[in-house]
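**Q** The structure under discussion is supplied below as structure tokens; questions concerning it will follow.
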Amino acid sequence: VAPTTAPVAPTSAPVATPTSSPVTSPVSTPTSAPVSSTPAPVSAPSETCNDSPFRIKVKKNDGTIRTRSCVWVGNKDTLNRCNLEGIASMCPKTCGACSPCIDGQGRMKFPWNGKLITRDCTW
Numbered sequence: 032v033a034p035t036t037a038p039v040a041p042t043s044a045p046v047a048t049p050t051s052s053p054v055t056s057p058v059s060t061p062t063s064a065p066v067s068s069t070p071a072p073v074s075a076p077s078e079t080c081n082d083s084p085f086r087i088k089v090k091k092n093d094g095t096i097r098t099r100s101c102v103w104v105g106n107k108d109t110l111n112r113c114n115l116e117g118i119a120s121m122c123p124k125t126c127g128a129c130s131p132c133i134d135g136q137g138r139m140k141f142p143w144n145g146k147l148i149t150r151d152c153t154w
């Protein structure tokens, strides 16, 4: 397209009358300070830490297996008993091993479709 030979009329301005110079002071007065304060943050939910109600199989030095509870773990020689495999995960409160992200490592027996089965938490 070739340029025109005569000037073209300007388009209309977006506002009726523009200001003659920039504004150097606020247009309106500032608002007052907030009337109410921000509420305090809500505390994190309390985490519960409980020992398992199930009995735990413990292998004795002579190779025999006994079932014990977390009460047994806490009654005597707790530190050594908590260091036995799987005990701290089943008795976290007694062993001071509470964590919100750990399931017990023990296996549980329960009835399923008419028979007794054994499963762990991954099931």
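Counted the way my numbering counts, the sequence shown spans residues 32 to 154.
Glycine included, every Cβ here is placed at the ideal spot set by N, Cα and C.
A quick note: this is a predicted structure, and the numbers were derived from the prediction, not measured.
#1: From the DSSP output, in three-state form, read off R112 for me.
#2: Can you tell me whether DSSP reads P123 as helix, strand or coil?
#3: Would you mind sorting I87 into buried or exposed? The rule is 16 or more other CB atoms within 10 Å of its CB.
#4: Using a threshold of 8 Å, state whether the C-beta atoms of T125 and D82 are closer than that.
#5: Is it a yes or a no for the segment 86-100 touching the segment 113-124, going by three-plus beta-carbon pairs under 8 Å?
#6: Grab the span of the beta strand (DSSP E) containing T149 for me, first residue to last.
#7: Quick one: what's got a C-beta closer than 8 Å to F141's C-beta in the same chain, skipping five residues either side?
#8: With 16 other CB atoms within 10 Å as the buried threshold, where does V18 fall?
#9: Under 8 Å by Cβ, that's how I've got K91 and R97 pegged, so tell me the actual separation to the nearest angstrom.
**A** According to the data block:
#1: helix
#2: helix
#3: buried
#4: yes
#5: yes
#6: K146 to R150
#7: L147, I148 and R150
#8: Missing from the structure shown is residue 18; the chain here goes from 32 to 154 and no further.
#9: 6 Å
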